[in-house]
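Data first, discussion second: the structure below is written as C-alpha cells.
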Ligand SMILES: Nc1ncnc2c1ncn2[C@@H]1O[C@H](COP(=O)(O)OP(=O)(O)OP(=O)(O)O)[C@@H](O)[C@H]1O
Ligand SMILES: [Mg+2]
C-alpha cells in the first residue's frame with residue numbers, strides 16, 4: 093500500500109492520542125511495506141485508539157452506519173470458530189430447517205478478506221494461540237484455506253492487519269513464538285509528563301494547577317516504582333491520569349479542597365494499578381499519594 097506524505101501528516105494531526113508520533117510513524121511505515129503490526133505496552137496508553145484511528149483513516153471512514161474496518165477482541169474462550177470459521181452449533185440441531193440455515197459460519201478473518209476490509213484484532217493475547225492457527229498460512233503465504241468450504245481465500249492487495257496486546261499482563265496467554273514472529277511489534281509506552289500536561293489542559297481546562305502537578309507527579313512516580321523493581325504491576329496510564337484530572341476538577345467545583353480530592357482520586361486509581369491481592373503493593377501506592385499530598 094502506498095501512503096503519501098499527506099496521509100502521514102493527516103493521520104498524525106488528527107490523532108486523539110498525543111505523544112506517540114514516533115510509534116505511529118513506525119506503524120505506518122510497516123503498513124506501507126505490507127507487514128502486520130502488533131502494538132504492545134502497558135494498559136490504557138492508547139493502543140486501541142491509535143489502531144482504530146489508523147484503520148478508519150485507511151478505510152476512508154466507511155459508509156454511513158458501517159465501519160470501514162472489522163474488529164474482534166480476544167477473549168479467553170475464543171477459538172478458531174470466531175477467527176477463521178466453523179460449523180454453527182445450531183447446524184447440529186435436530187430441526188432440519190435450522191440446520192440448513194446455520195451451517196457454516198465465517199470467522200472474522202474470512203469475513204474481512206471476503207469483504208476487502210482491514211482488520212483489528214484487539215487484545216490479541218487474551219485468546220490462546222490455538223485460536224489463531226488458521227492465521228499462519230495467511231501471514232506467510234497470503235492464503236486462507238477454509239477447509240470445510242473447500243475454498244482458499246487470497247489476501248487482497250494492500251490488506252492491513254493490526255493487533256494490540258499486553259505482554260505479560262495477568263490473564264493473558266503467552267504468544268507462541270511462531271505467531272509472534274509474524275507480526276512486527278511496536279511499543280506504545282508511557283508518554284512524557286509534558287505531553288500529559290497538554291492532554292490534561294485540553295480535557296480539564298479548569299483544573300487547579302497544584303492538583304494537576306500532583307497528578308502528573310503521582311503518575312511518573314508510579315511508573316518509576318514499576319520500572320525499578322516491579323513492586324507494582326504497572327504504572328498509572330494516561331487514561332488513569334485523565335480520570336483523576338476529571339474527578340478532581342469536578343469535586344473541586346463542588347467545593348472540596350485540593351489535597352483531599354487528589355488523595356481520593358489517587359486511591360481510586362491506585363487500586364487499579366496495584367496488585368489488589370498484595371497489601372504491600374496497595375500500601376506503597378497509597379503512601380506515595382499521601383506523601384505527594386503533604387507537599388501540596
Ligand atoms: N497519549 C494519550 N493522549 C491522549 N489520550 C490518551 C493518551 N493515552 C491514553 N489516552 C486516553 O485513554 C483512553 C484509553 O486508551 P486505549 O483504550 O486506546 O488504551 P489501550 O492501550 O488500548 O488500553 P488497554 O491495554 O487497556 O486496552 C483513550 O480513549 C484516550 O482518551
Ligand atoms: Mg486496548
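In my numbering, the protein residues as written are 93 to 388.
Cβ atoms here follow ideal geometry from the backbone N, Cα and C, with glycine treated the same way.
Just so we're clear, the structure is a prediction, and the values are computed from it rather than from any experiment.
- Between ligand 1 and residue 215, a heavy atom-to-CB distance of less than 8 Å is present.
- One Cα belongs to residue 180, the other to residue 223, and the distance between them is close to 16 Å.
- By the Cβ neighbour-count rule, residue 360 is exposed, with fewer than 16 other Cβ atoms within 10 Å of its own.
- Residue state for residue 266 is assigned as coil, using DSSP reduced to three classes.
- Three or more Cβ pairs closer than 8 Å define a contact, and the stretch 215-231 meets that threshold against the stretch 160-175.
- For residue 332, the uninterrupted alpha helix (DSSP H) run begins and ends at 330-345, by DSSP.
- Taking 8 Å as the cut-off, one finds no heavy atom of ligand 2 near enough to the beta carbon of residue 335.
- Shortest gap from the CB of residue 360 to any heavy atom of ligand 1: 8 Å or more.
- Boundaries of the beta strand (DSSP E) harbouring residue 178: 177-179, taken from the DSSP string.
- Summarising the contact set, residues whose Cβ lies nearer than 5 Å to any heavy atom of ligand 1 are, in chain order, 109, 110, 111, 135, 136, 137, 138, 139, 140, 141, 283, 291, 330, 331.
- Annotation: the continuous alpha helix (DSSP H) that includes residue 105 extends over 97-105.
- Ranked by how close their Cα comes to the Cα of residue 322, the residues 302, 214, 373 have 373 in first place.
- In the structure shown, residue 284 adopts coil according to DSSP, grouped into three states.
- Contact between residue 133 and residue 279 holds, since their C-beta atoms are separated by about 5 Å, short of 8 Å.
- The criterion of a C-beta distance shorter than 9 Å is not satisfied by residue 130 and residue 286.
- Residue 184 carries a helical assignment under DSSP once its states are collapsed to helix, strand and coil.
- Judged by DSSP in its simplified three-state form, residue 228 adopts helix.
- Runs of the beta strand (DSSP E) lying entirely within the stretch 144-169 and spanning at least 3 residues, in chain order: 161-165.
- About 6 Å separates the beta carbon of residue 310 from that of residue 358, a gap short enough to meet the 8 Å contact definition.
- Residue burial is scored here from C-beta neighbours: residue 255 has at least 16 other C-beta atoms within 10 angstroms and is therefore classed as buried.
- Taking a C-beta distance under 9 Å as the contact criterion, residue 324 and residue 292 do not qualify as a contact pair.
- Around the CB of residue 244, fewer than 16 other CB atoms lie within 10 Å, so the residue is classed as exposed.
- Nearest to residue 149 by C-alpha distance, out of 380, 110, 160, is 160.
- One thing to note: residue 227 has its Cβ within 9 Å of the Cβ of residue 271.
- The shortest C-alpha to C-alpha distance from residue 365 to any of 199, 136, 122, 195 is the one to 136.
- Taking a C-beta distance under 9 Å as the contact criterion, residue 202 and residue 238 qualify as a contact pair.
- In this structure, residue 93 and residue 250 form a Cβ contact; the two beta carbons are roughly 4 Å apart against a cut-off of 8 Å.
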